[in-house]
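Reading through the structure tokens given below for one structure.
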Amino acid sequence: MSRIKTIYYALNYIKNKSVASMAYGDWARLVRDDGAITELAELPQAIANPKLEASTLVSVASGIAVPDPGMDVLRYDRKDDPYFINLDHYKIIENLQEHEIYPEVLHVAGMADSAELRYEFQNNIYVIKEPPNNNHWLEDFPQHVLKAKMKFDL
Numbered sequence: 452m453s454r455i456k457t458i459y460y461a462l463n464y465i466k467n468k469s470v471a472s473m474a475y476g477d478w479a480r481l482v483r484d485d486g487a488i489t490e491l492a493e494l495p496q497a498i499a500n501p502k503l504e505a506s507t508l509v510s511v512a513s514g515i516a517v518p519d520p521g522m523d524v525l526r527y528d529r530k531d532d533p534y535f536i537n538l539d540h541y542k543i544i545e546n547l548q549e550h551e552i553y554p555e556v557l558h559v560a561g562m563a564d565s566a567e568l569r570y571e572f573q574n575n576i577y578v579i580k581e582p583p584n585n586n587h588w589l590e591d592f593p594q595h596v597l598k599a600k601m602k603f604d605l
């Protein structure tokens, strides 16, 4: 099993949440370089599935130049009347080797820290689906979504 997959399983175990990984370059192509909230042209492959894609109204993300990167996917769900808009939030870990959870991840994965491992983490990000909270069911789009711009629509 690859080290990235091992770390993926360790994060899944520690967070007890759905975790996906994607290449840092793919993430960088999605979000604006200045860290501003970006309206995504499409869902990242790491979380895309036909059911989610069919109900997605809009997705936005911020990262790279912000301390707490993340992604929101707003979906239409008619059975949640009168709150037809559902917001799913994903936490993004861009540089796992710099994250507070890194020592625990290494321990659970049974790995030792190394320059080579840190290099691998610079080339991958982890997408962690957060459980629904009070902002999950919405009547209208939040302001941060309304203000989002496409990456090349500045």
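Letter 47 of the sequence shown, counting from 1, is numbered 498 in my numbering, and no numbers are missing. Glycine is no exception: its CB is placed at the ideal position from the N, C-alpha and C atoms.
Expected contact under 8 Å - CB spacing of residue i and residue j to nearest Å
| i | j | result |
| --- | --- | --- |
| GLU606 | GLY514 | Residue coverage of the chain in this structure runs from 452 to 605, which leaves residue 606 outside it and unanswerable. |
| ILE576 | VAL470 | That belief does not hold up - the Cβ atoms of ILE576 and VAL470 are roughly 11 Å apart, past 8 Å. |
| LEU525 | LEU508 | 5 Å |
| LEU589 | TYR534 | 6 Å |
Start-to-end residues for the alpha helix (DSSP H) that takes in residue i
| i | result |
| --- | --- |
| VAL596 | 594–597 |
| ALA479 | 475–481 |
| ILE465 | 454–466 |
Test item: CB-CB of residue i and residue j under 8 Å
| i | j | result |
| --- | --- | --- |
| GLU571 | ARG483 | no |
| ASP528 | ASN537 | yes |
| GLU567 | LYS468 | no |
| ALA497 | MET473 | yes |
| ASP477 | PRO501 | no |
| THR457 | MET601 | no |
| ILE552 | ILE465 | yes |
| GLN594 | TYR475 | no |
| MET516 | ASP485 | What sits at residue 516 in the sequence shown is Ala, not Met. A contact, by the Cβ cut-off of 8 Å. |
Any beta strand (DSSP E) of 3 or more consecutive residues that is wholly inside the stretch 503–589: 507–513, 521–527, 536–544 and 575–580
Indicate whether the contact test is met: 3 or more Cβ pairs, each with one atom in the stretch 556–565 and one in the stretch 482–501, closer than 8 Å. no
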